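Right, one structure below, let's go through it.
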Amino acid sequence: MLSLKYLSENPDLVINRLKVKNFQAAGIITRLKQLDSNRRKLQTALDNSQSDINRLSKQVGVLFQQSKKEEAEKVREQTIKIKEEIKNLSPELHGIEDQIRELLVQLPNVPHESVPEGVSPEDNLLIREGGQVPVLSAGALSHWELAKKYDIIDFDLGNKITGSGFPVYKGKAAKLQRALINFFLDEASRAGYLEIIPPILVNEASAFGTGQLPDKEGQMYHIGEDNLFLIPTSEVPLTNIFRDIILLEKDLPRKLTAYSPCFRREAGSYGKDVRGLNRLHQFDKVEIVEVQHPEHSYESLENMTSHVEYLVQKLKLPYRIILLCGGDMSFHAAKTYDFEVFSAAQEKWLEVSSVSNFESYQSNRMMLRFREDNGKKIQQLHTLNGSALALPRIMAALLENNQTKRGILIPEILIPYTGFEVIEYG
RNA sequence: GGAGAAAUGGCAGAGCGGUCGAAUGCGGCGGUCUUGAAAACCGUUGUUCCGUUAUCGCGGAACCGGGGGUUCGAAUCCCUCUUUCUCCGCCA
6 MLSLKYLSEN
16 PDLVINRLKV
26 KNFQAAGIIT
36 RLKQLDSNRR
46 KLQTALDNSQ
56 SDINRLSKQV
66 GVLFQQSKKE
76 EAEKVREQTI
86 KIKEEIKNLS
96 PELHGIEDQI
106 RELLVQLPNV
116 PHESVPEGVS
126 PEDNLLIREG
136 GQVPVLSAGA
146 LSHWELAKKY
156 DIIDFDLGNK
166 ITGSGFPVYK
176 GKAAKLQRAL
186 INFFLDEASR
196 AGYLEIIPPI
206 LVNEASAFGT
216 GQLPDKEGQM
226 YHIGEDNLFL
236 IPTSEVPLTN
246 IFRDIILLEK
256 DLPRKLTAYS
266 PCFRREAGSY
276 GKDVRGLNRL
286 HQFDKVEIVE
296 VQHPEHSYES
306 LENMTSHVEY
316 LVQKLKLPYR
326 IILLCGGDMS
336 FHAAKTYDFE
346 VFSAAQEKWL
356 EVSSVSNFES
366 YQSNRMMLRF
376 REDNGKKIQQ
386 LHTLNGSALA
396 LPRIMAALLE
406 NNQTKRGILI
416 PEILIPYTGF
426 EVIEYG
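Numbers 6 to 431, taken from this note's numbering, label the letters of the first sequence in order.
Here it is as structure tokens:
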């Protein structure tokens, strides 16, 4: 969320920038201003009353010690009225603080100045593209047909065991999946990300910290009995490692990576885009997360983007990098690059990574800060994350693009990981 | 799952109703000494909110796992939740 301080110092800037996200913020900001001014007044009144009580209490203590009981009794009576006041003001203050928080959470992050205006994916900006779109022979198969032909991914079996969106990988597909995970993790380590194995269930505070709660609650699987959530991405546990922490400037940036399964309910998404591996309830992903000094976070965004680009290049997949327009960006991001790879049999671009700078939006929520080297000043940090990469659509594109008469060819870079060069019959 | 013990500042660890934001030690920072360093000695050392201030700062409030209560006054007493440890049971 945005900080009250930032909002009150730059109301017009926020209102204007949020128009890029097609969000009308003026009403909320006006309301926040009023609430904040009330909050300050109440806080001051309450502090003064409490100060009086503290002072009188000390007097009572001293008087009792000197066994001046009657005087002590008199002073004690004075406190009754003040306590009454505190009893009234205190819930009022909490009420206002709750209202402020509720409103703050409704404001999306302010997009970076380089983010184009727009309302739909058509307004996104193509940044770069690379790789060769393969020319498939007539009768090329989609990945779900290939999965069946080679008996390597079983969607029906997943239906039986769990439900739709939970495929079962078998044999060489299972090994290829594992190879991809290892490849991605090794590359992330080489690029300086610390490898982590995080919990895949998180509590409410963590889900709030990265912004899944309160608004995206319906997207997560919830374990009611223990009030825990299955992670939709390891961004959640990874970033929350830093919740309520004050880092030192000299320790920046902090870079983490993790493989984890991810769980998404995908409530409300039906239709043709969900075939095969295109949209699942459970999928594997390697994530990269970075916590960075505000002055360097946009360099980091570019570096993370380059890292992801390197991965798709090594896999020899045709890709494009897209700068999302305001209307297509997520609520929490300040700037996002999407990566899409071309899946040749479906003839579709599939999103395989989303790399975002959240600036201080998440760190405000989770009280993530750093202490400056040259003094005592404490500042908010910036957080970033990106998929590097999401597995199923990579798998889909690899299967479709690399199909040949003799089978599906494994990209060279992965052969040391898979131990085989081709997926064929049997 | 059952029984018991505990949770205090960056860490270790005292305090168990009054002047305690909290002894002491370690660590960190600054200084003296030294050619330099170490040792020794001296000083300093959290966060949030409100007010004030051009800034350093200053004044006030809150925070001793979270939430609630008792009291003029709570780190200290009570309730509740969470977590950790010990024992028993179960188990990859």
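Using N, Cα and C, we set each Cβ at its ideal position, and we do this for glycine too. As the structure is a prediction and not an experimental result, all values here were calculated from the model.
Using the Cα positions of residue i and residue j, report the straight-line distance between them to the nearest angstrom.
i    : j    : result
C267 : L396 : 10 Å
G66  : V80  : 10 Å
E200 : F188 : 13 Å
K321 : V313 : 13 Å
A263 : D220 : 25 Å
Q39  : L9   : 12 Å
N93  : E222 : 34 Å
I85  : Q64  : 15 Å
K73  : E82  : 15 Å
N283 : S335 : 20 Å
V346 : S311 : 15 Å
G281 : A184 : 20 Å
F171 : F160 : 7 Å
D231 : K410 : 51 Å
Take residue i and list the residues in its own chain whose beta-carbon comes closer than 8 Å to its own, dropping the five residues that flank it on each side.
i    : result
E254 : H298, F375, R376, E377 and D378
I87  : S54, D57, I58 and L61
I33  : L108, Q111 and L112
L233 : L206, V207, N208 and H227
L98  : R44, L47, Q48 and L51
What residues in its chain sit with their C-beta under 7 Å from that of residue i, if we drop five residues either side in the sequence?
i    : result
R269 : Q224, P237 and H286
A250 : The displayed chain sequence assigns Ile, not Ala, to residue 250. Only L373 meet the Cβ criterion.
M309 : I293, E295, V360, L389 and G391
Just checking my contact of residue i with residue j at CB under 8 Å: how many whole Å lie between their CB atoms?
i    : j    : result
P398 : V357 : The sequence as given places Arg at residue 398; Pro does not occur at that position. With a Cβ gap of about 5 Å, R398 and V357 count as contacting.
H337 : S365 : That pair is no contact at about 11 Å.
N245 : V207 : 7 Å
V296 : P258 : 6 Å
R432 : G214 : Outside the modelled stretch of the chain, which goes from 6 to 431, sits residue 432, for which no answer is possible.
V19  : V124 : 20 Å between Cβ atoms; not a contact.
R248 : S302 : Going by Cβ atoms, the distance from R248 to S302 rounds to 18 Å, so no, they are not a contact pair.
I186 : D289 : 6 Å
Taking Cβ positions, are residue i and residue j nearer each other than 8 Å?
i    : j    : result
N27  : G229 : no
P323 : V138 : yes
Q408 : A145 : yes
M400 : Q217 : no
E192 : N390 : no
S95  : L51  : yes
V360 : L414 : no
V291 : A393 : yes
C330 : P121 : yes
D41  : I91  : no
Hey, is residue i close to the ligand ADP, as in C-beta under 7 Å from one of its heavy atoms?
i   : result
E78 : With respect to the ligand ADP, the structure offers nothing, as it holds no ligand at all.
Could you pull out every residue in the same chain whose Cβ sits closer than 6 Å to the Cβ of residue i, ignoring the five residues on either side in sequence?
i    : result
E405 : H148, S348, A349 and A350
I383 : R374 and R376
I205 : I236 and S265
A152 : I158
G176 : I157
I132 : I326 and L328
K180 : T423
K260 : G197, Y198 and E295
F69  : A77
3 or more residues per run - each beta strand (DSSP E) lying fully within the stretch 223-263 = 233-235 and 250-253
inquiry  = What ranges does the alpha helix (DSSP H) occupy inside the stretch 165-213, keeping only unbroken runs of at least 4 residues that lie completely in it?
reply    = 176-195
query = At which residue ranges does the stretch 58-135 contain complete alpha helix (DSSP H) runs of 4 or more residues, listed in the order of the chain?
reply = 74-111
message = Give the list of continuous beta strand (DSSP E) stretches no shorter than 3 residues that lie fully inside the stretch 346-376.
response = 353-364 and 373-376
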